[in-house]
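Chemist:
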Amino acid sequence: MRISEQWLRDWVQPDVSSSELADQLTMAGLEVDKIEPAAPAFEQIVVGRVRSLTQHPQADKLKIAQVDVGAAELLQIVCGAPNVAPDICVPTALLGAVLPGGLKIKQAKLRGVASQGMLCSARELGLADDHGGLLILPPDSPP
Numbered sequence: 002m003r004i005s006e007q008w009l010r011d012w013v014q015p016d017v018s019s020s021e022l023a024d025q026l027t028m029a030g031l032e033v034d035k036i037e038p039a040a041p042a043f044e045q046i047v048v049g050r051v052r053s054l055t056q057h058p059q060a061d062k063l064k065i066a067q068v069d070v071g072a073a074e075l076l077q078i079v080c081g082a083p084n085v086a087p088d089i090c091v092p093t094a095l096l097g098a099v100l101p102g103g104l105k106i107k108q109a110k111l112r113g114v115a116s117q118g119m120l121c122s123a124r125e126l127g128l129a130d131d132h133g134g135l136l137i138l139p140p141d142s143p144p
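Numbering-wise (my numbering), the sequence shown opens with residue 2 and increments by one.
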């Protein structure tokens with residue numbers, strides 16, 4: 002069984018390191034096989050806010066999003082997620098980001114329209130198996 006160390010620490014507040022906590026649990030009869038991060042380390046993945054959406058001129062299922070990532074210019078990102086909408090905050094993989102599984106994000110043209118990054122689902126970030134759409138973050142998430 003897997004449990005979150007943070008969840009456990011919400012219930013009991015031991016003032017010990019992760020490895021000491023694992024040792025104490027094992028000594029209490031709850032074998033700890035290994036300690037691993039819940040999510041991979043992210044680089045070049047930031048919070049983006051979708052500022053506007055337009056229909057892709059050559060694809061019914063694609064939208065062109067103008068995304069604010071806190072830079073001077075908005076990024077143009079082509080997206081096919083069913084839940085993409087104006088004013089949502091989503092994880093945004095910038096050019097050069099490498100997603101779990103080795104997918105490297107680079108500038109590309111999708112049916113003739115330039116895309117400068119990728120709006121991400123929880124599955125694409127290695128956080129969950131759900132691939133039903135983008136991982137929508139709280140509206141007050143900073144870019």
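Beta carbons: idealized from backbone N, C-alpha and C, even for Gly.
#1: State buried or exposed for Glu125, treating a residue as buried only when at least 16 other CB atoms are found within 10 Å of its CB.
#2: Let me know the secondary structure DSSP gives Leu156 once reduced to three states.
#3: Rounded to a whole number of angstroms, what is the C-alpha to C-alpha distance between Glu94 and Lys35?
#4: I want to know whether the segment 95-102 touches the segment 19-39 - three or more CB-CB distances under 8 Å.
#5: Mind reading off the beta-carbon distance from Val114 to Pro87? Whole number of angstroms is fine, and I expect it under 8 Å.
#6: For Asp152, which residues of its own chain have a beta-carbon under 8 Å away from its beta-carbon, when the five flanking residues on both sides are left out?
#7: Report all residues from its chain with a CB closer than 7 Å to the CB of Gln117; omit the five preceding and five following residues, and keep chain order.
#8: Ala72 to Val48, Cα distance in whole Å?
#9: Check whether the Cβ atoms of Leu120 and Cys90 lie closer than 7 Å to each other.
#10: Helix, strand or coil: which one does DSSP assign to Leu138?
#11: What whole-angstrom Cβ distance do Asp69 and Pro144 have, given they're in contact under 8 Å?
#12: Near Ser19, which residues of its chain fall below 8 Å by C-beta distance, leaving aside the five closest residues on each side in sequence?
#13: Taking only the alpha-carbon atoms, compute the straight-line gap between Ala23 and Phe43 and give it to the nearest angstrom.
#14: In chain order, what residues of the same chain have a beta carbon less than 6 Å from the beta carbon of Leu111, not counting five sequence neighbours either side?
#15: So Ala82 and Leu128 are in contact, right, with Cβ under 8 Å, and what is the actual spacing, rounded?
Modeler: So, from the data block:
#1: buried
#2: The first residue shown for the chain is 2 and the last is 144, placing residue 156 beyond what the model contains.
#3: Note that residue 94 is Ala in the sequence shown here, rather than Glu. Cα to Cα, the separation comes out at about 30 Å.
#4: Counting Cβ pairs under 8 Å, fewer than three are found: no touch.
#5: The Cβ separation is near 18 Å, so there is no contact.
#6: There is simply no residue 152 to check, as the chain begins at 2 and stops at 144 in what is shown.
#7: Leu76, Gln77, Ile78, Leu96 and Gln108
#8: 11 Å
#9: no
#10: strand
#11: 6 Å
#12: Glu6 and Ile36
#13: 25 Å
#14: Apart from the 5 residues on each side of it in sequence, Leu111 sits with its Cβ closer than 6 Å to the Cβ of Val79 in its chain, given in chain order.
#15: So it is not a contact: roughly 15 Å between Cβ atoms.
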